[in-house]
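K.L.:
Sharing a structure with you now.
Residue numbers (the numbering used here): 377 to 474.
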């Protein structure tokens, strides 16, 4: 496997969280609405990441707390939202072309 500089800086928890969230979005057919919502909220992604910490206790039903917080840390960074969008688009492409 060739190294991908775009994803090499991700922690294992961040990778798993991205895959699980992207899989959830694609499984329920929410790819386009999710991409539109994420792109339109791009300027507020840091605020959204901070709000994710507030939701940590209740979201642990769907995603382990360490992965949820790793995703929040990723979204606090400037390019973090791009990682999530790429994961969603990749999961959708795998669904369409297995």
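Idealized CB from N, CA, C, for every residue including glycine.
Just to confirm my understanding: we take residue 392, look at its own chain, exclude 5 residues before and 5 after, and list those with CB closer than 7 angstroms. What are they?
P.N.:
Translated into the one-based positions of the chain shown, residue 392 becomes position 16. Once the five neighbours on either side are set aside, the close Cβ partners of residue 392 are 443.
K.L.:
When you compare only the Cα positions, how much space is there between residue 432 and residue 410?
P.N.:
The residue you call residue 432 lines up with position 56 of the chain shown. The residue you call residue 410 lines up with position 34 of the chain shown. Each residue's alpha carbon lies about 20 angstroms from the other.
K.L.:
Roughly how many whole angstroms lie between the Cα atoms of residue 401 and residue 457?
P.N.:
Indexing the chain shown from 1 puts residue 401 at position 25. Indexing the chain shown from 1 puts residue 457 at position 81. For residue 401 and residue 457, the distance between alpha carbons rounds to 15 angstroms.
K.L.:
Less than 7 angstroms between the C-beta atoms of residue 429 and residue 446, yes or no?
P.N.:
Position 53 of the chain shown, counted from the start, is the residue given in the question as residue 429. Position 70 of the chain shown, counted from the start, is the residue given in the question as residue 446. Taking 7 angstroms as the Cβ cut-off, residue 429 and residue 446 do not qualify as a contacting pair.
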